[in-house]
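*Asks:* If you scroll down you'll find the structure; I have some questions about it.
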Amino acid sequence: MKKGYFGQWGGAFIPEVLHQTFEELNRAYEDARADANFWKEYVALMGNYSCRPTPLTFAENLSDHLGGARIYIKREDLNHTGAHKANNVMGQGLLVRRMGKKRVIAETGAGQHGVATATMAARFGFECTIYMGEEDVARQRPNVFWMEKLGATVIPVTDGARTLKDAINEAFRDWVTRMDDTHYVLGTVCGPHPFPEMVAWFQSIIGQEARKQILAQHGRMPDRVYACVGGGSNAMGIFQGFLDEDVVELVGVEAGGKGVDTDMHAARMKGDRAAPGVAQGYKTMFLQDSDGQMLDTHSIAAGLDYVGISPILADLGEKGRVRFEAATDEEVMEALSLTMRTEGIIPALESAHAFVQAIREAPSMGRDQAIIINMSGRGDKDIFTIAHAFDDPSWKEFIIGRAEEYKKDRS
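When we follow UniProt numbering, the leftmost residue of the sequence shown carries the number 1, and every step to the right adds one.
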């Protein structure tokens, strides 16, 4: 198979001006991958800086409540910065240092990739600029606050739907103007080669750990593994630990938004509004109209609100190795509430999509069966969105009171 392709998907459709930069990145990535010491350095960094290995928690109360399969949760929320995003950015940070560059840029939707990149830049001493859709800036204000305090410059993107795909476009425009000293820290398993393969490699640490942990705790492979899918980095991370095990069913859960039968969702593989296309430097399934124009997307979870999907996952879906499902915004809030009240664990809105499908299916499975949910991040970043969705009166009173205090300070 041609390098950088996964079946018919992938490739590197980039402007001529970026070819030399991508060749340099390819060389750095291939050299690092061939260097056993690089992976050892990466694992050591993740161990002493990001609390790896993250635990595999047996959700005993949720399992008993549902009455079916034993549910295990891979706790990527316990990574430094609160999500699996740290795995990728710290790996790319080591690559940037090998390449001798001094500035990093990134795009972000939910903000967790932005916070992770800003954290990495602070750790390695890089200048940092983050592009973020104006809509996502409003939804994820706490993460914008932390990015800025970590020393990053956050630039709201006002083009298009003002979400993740528009932030990616703006980041590429920046990269073209400063290729000599800048590396683009792409946040997911999308984009031109080598990004999908490289990000998947760094995220594979999730699956490597989960495989060992489930064998130690359950004594055999899980029956199913669930992960939410926006671009697909956390899904590819954990799926790689079980891809060669045919007995393990892999389930990717997309953003069903208001329903896949509406025009307000971000389901590429589950719905019927996506088609093959080339955009943002690679070929995959994109939500697009009959003229090939990208469609607006919707999800309560900013990190899943993306118009394309990883070319690796598109290939695995086409081959039937990954089953795709979708969860609506309403179902996500119900799963979030149930998980909090039974386990004392607060999944990110993105992660809660995986919980929805697991909660649907676990009761019909046997007590001797086991499933793993990859909890890609923690939900405290979503407090404004979650409190609004719950229509929580005490939270509203708190916000109104704090706003009144700020008004008095201004006057």
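Backbone N, C-alpha and C define an ideal beta-carbon position, used for all residues, glycine too. Predicted, not measured: the structure shown is a model, and the values here were computed from it.
Take every Cβ of the stretch 103 to 122, pair it with every Cβ of the stretch 182 to 202, and state whether three or more of those distances are shorter than 8 Å.
*Replies:* yes
*Asks:* Would you mind sorting G366 into buried or exposed? The rule is 16 or more other CB atoms within 10 Å of its CB.
*Replies:* Within the sequence shown, numbered from 1, the residue matching residue 366 stands at position 366. G366 sits exposed, since fewer than 16 C-beta atoms from the chains shown fall within 10 Å of its C-beta.
*Asks:* Could you pull out every unbroken beta strand (DSSP E) segment of at least 3 residues lying fully inside the stretch 158 to 220, listed in chain order?
*Replies:* 182 to 184
*Asks:* Which residue's Cα is closest to the Cα of I73: Q213, H19, W395, S394?
*Replies:* Against the sequence shown, residue 73 aligns to sequence position 73. The residue with the shortest Cα to Cα distance from I73 is Q213.
*Asks:* Can you pull the DSSP bridge partners for Q288?
*Replies:* Residue mapping note: residue 288 aligns to position 288 of the sequence shown, counting from 1. According to DSSP, which records beta bridges pairwise, Q288 is partnered with M294.
*Asks:* Look up N374 in the DSSP assignment and give the residues it is bridged to.
*Replies:* Position 374 of the sequence shown, counting from 1, holds the residue named residue 374. Per DSSP, K74.
*Asks:* Could you compute how far the alpha carbon of E331 sits from the alpha carbon of P156?
*Replies:* Walking along the sequence shown from the start, residue 331 turns up at place 331. Walking along the sequence shown from the start, residue 156 turns up at place 156. Approximately 30 Å, taken between the alpha carbons.
*Asks:* Would you mind giving the Cβ-Cβ distance between L287 and A255, rounded to the nearest angstrom? I have them listed as a contact below 8 Å.
*Replies:* Translated into positions along the sequence shown, residue 287 becomes position 287. Translated into positions along the sequence shown, residue 255 becomes position 255. For a cut-off of 8 Å, the C-beta gap from L287 to A255 is around 11 Å, too long to register as a contact.
*Asks:* So the candidates are K3, K407, A12, E245; which of them puts its Cα closest to the Cα of residue 413?
*Replies:* Limits of the chain in this structure are 1 at one end and 411 at the other, which puts residue 413 out of reach.
*Asks:* Give a yes or no on contact between the stretch 123 to 139 and the stretch 152 to 170, applying the rule of three or more CB pairs nearer than 8 Å.
*Replies:* yes
*Asks:* By how many angstroms is the C-alpha of G67 removed from the C-alpha of E23?
*Replies:* Residue mapping note: residue 23 aligns to position 23 of the sequence shown, counting from 1. Residue mapping note: residue 67 aligns to position 67 of the sequence shown, counting from 1. For E23 and G67, the distance between alpha carbons rounds to 53 Å.
*Asks:* Using C-beta distances below 6 Å, list every residue in its chain close to P192, excluding the 5 sequence neighbours before and after it, in chain order.
*Replies:* The count along the sequence shown starts at 1 and reaches residue 192 at position 192. Only A12, I14, G281, Y282 meet the Cβ criterion.
*Asks:* Among the residues of its own chain, which have a CB less than 7 Å from the CB of D289, if the five just before and after it don't count?
*Replies:* Stepping through the sequence shown from its first residue, residue 289 is reached at position 289. Contacts found: L295.
*Asks:* Whole angstroms are fine: how far does the CA of L150 sit from the CA of A122?
*Replies:* As a position in the sequence shown, residue 122 is number 122, starting the count at 1. As a position in the sequence shown, residue 150 is number 150, starting the count at 1. Computed Cα separation, rounded: 7 Å.
*Asks:* Apart from the five residues just before and just after Y29, which ones in its own chain have a Cβ nearer than 6 Å to its Cβ?
*Replies:* As a position in the sequence shown, residue 29 is number 29, starting the count at 1. Counting only Cβ-Cβ distances below 6 Å, and skipping sequence neighbours, we find P194, M198.
*Asks:* CB-CB under 7 Å to I71, same chain, minus the five flanking residues each way: which ones, in chain order?
*Replies:* By 1-based counting over the sequence shown, the position of residue 71 is 71. Excluding sequence positions up to five before and after I71, its CB lies within less than 7 Å of the CB of A59, L62, S63, A358, A362, I371, I373, all in the same chain and listed in chain order.
*Asks:* Let me check understanding here. Comparing Cα to Cα, which of G125, A267, K319, C228 lies closest to F355?
*Replies:* The residue given as residue 355 occupies position 355 in the sequence shown. The residue from G125, A267, K319, C228 with its alpha-carbon nearest to that of F355 is C228.
*Asks:* Between I168 and D159, what straight-line distance do the alpha-carbon atoms span, to the nearest angstrom?
*Replies:* By 1-based counting over the sequence shown, the position of residue 168 is 168. By 1-based counting over the sequence shown, the position of residue 159 is 159. Distance between the alpha carbons of I168 and D159: 11 Å.
*Asks:* If you follow the alpha helix (DSSP H) that Y406 is part of, which residue opens it and which one closes it?
*Replies:* What you label residue 406 is simply residue 406 of the sequence shown in a count that begins at 1. In the DSSP assignment, Y406 falls within the unbroken alpha helix (DSSP H) covering 393 to 410.
*Asks:* Please report the straight-line C-alpha distance between R224 and V278, rounded to a whole angstrom.
*Replies:* For the purposes of this step, residue 224 is taken as residue 224 along the sequence shown, with counting starting at 1. For the purposes of this step, residue 278 is taken as residue 278 along the sequence shown, with counting starting at 1. The straight-line gap from Cα to Cα measures roughly 32 Å.
*Asks:* Along the chain, where does the beta strand (DSSP E) containing A106 start, and where does it finish?
*Replies:* The residue you call residue 106 lines up with position 106 of the sequence shown. From DSSP, the beta strand (DSSP E) with A106 extends over 103 to 108.
*Asks:* Just the Cα atoms here: how many angstroms apart are R268 and F6?
*Replies:* Sequence index remark: in the sequence shown, residue 268 carries index 268 (1-based). Sequence index remark: in the sequence shown, residue 6 carries index 6 (1-based). Using only the alpha carbons, I get a separation of about 17 Å.
*Asks:* Examine the Cβ distances between the stretch 336 to 351 and the stretch 307 to 322 and report whether three or more of them are shorter than 8 Å.
*Replies:* no
*Asks:* Considering Cα atoms alone, identify which of A171, M99, F242 is closest to D181.
*Replies:* Taking the first residue of the sequence shown as position 1, residue 181 is located at position 181. Checking every option, the nearest Cα to that of D181 belongs to M99.
*Asks:* Just list the residues that DSSP pairs F6 with in beta bridges.
*Replies:* Indexing the sequence shown from 1 puts residue 6 at position 6. Note: F6 sits in a beta bridge opposite W9.
*Asks:* Using the Cα positions of A34 and P55, report the straight-line distance between them to the nearest angstrom.
*Replies:* As a working note, residue 34 is residue 34 in the sequence shown. As a working note, residue 55 is residue 55 in the sequence shown. One C-alpha to the other measures close to 29 Å.
*Asks:* So, for G230: in the same chain, excluding its five sequence neighbours on each side, which residues have a beta-carbon less than 6 Å away from its beta-carbon?
*Replies:* Here residue 230 corresponds to residue number 230 of the sequence shown, with the count starting at 1. So the qualifying residues of the chain are G303, L304, Y306.
*Asks:* So, H298 versus M340, is the Cβ gap smaller than 7 Å?
*Replies:* Here the question's residue 298 lines up with position 298 in the sequence shown. Here the question's residue 340 lines up with position 340 in the sequence shown. No; because the gap between Cβ atoms is not below 7 Å, this pair is not in contact.
*Asks:* Could you tell me the distance, in whole angstroms, from the CA atom of residue 415 to the CA atom of V104?
*Replies:* Coverage of the chain is limited to positions 1 through 411, which leaves residue 415 absent and any answer about it impossible.
*Asks:* Excluding the 5 residues flanking M333 on each side, which residues of the same chain have their C-beta closer than 6 Å to its C-beta?
*Replies:* Taking the first residue of the sequence shown as 1, we reach residue 333 at position 333. These residues qualify, in order along the chain: A389.
*Asks:* Tell me the DSSP bridge mates of L56?
*Replies:* Position 56 of the sequence shown, counting from 1, holds the residue named residue 56. Its beta-bridge partners are K74.
*Asks:* Counting along the chain, where does the beta strand (DSSP E) carrying I130 start and finish?
*Replies:* For this step, residue 130 is matched to residue 130 along the sequence shown. It spans 127 to 133 - the beta strand (DSSP E) in which I130 sits, taken as one unbroken run.
*Asks:* Under a Cβ-count criterion, where at least 16 other Cβ atoms within 10 Å of its own Cβ denotes burial, should H113 be classed as buried or exposed?
*Replies:* By 1-based counting over the sequence shown, the position of residue 113 is 113. Buried, since its Cβ has 16 or more Cβ neighbours within 10 Å.
*Asks:* What number of angstroms, rounded off, separates the C-alpha of Y49 from the C-alpha of G237?
*Replies:* Working through the sequence shown from its first residue, we reach residue 49 at position 49. Working through the sequence shown from its first residue, we reach residue 237 at position 237. Rounded to the nearest angstrom, the two C-alpha atoms are 19 Å apart.
*Asks:* When the Cα of A32 is compared with those of L94, F124, K102, which residue comes out closest?
*Replies:* Translated into the one-based positions of the sequence shown, residue 32 becomes position 32. Of the listed residues, the one whose Cα sits closest to A32 is L94.
*Asks:* Is the beta carbon of V43 sitting closer than 7 Å to the one on T81?
*Replies:* Here residue 43 is taken as the residue at index 43 of the sequence shown, counted from 1. Here residue 81 is taken as the residue at index 81 of the sequence shown, counted from 1. Against a cut-off of 7 Å, the Cβ pair of T81 and V43 comes out as no contact.
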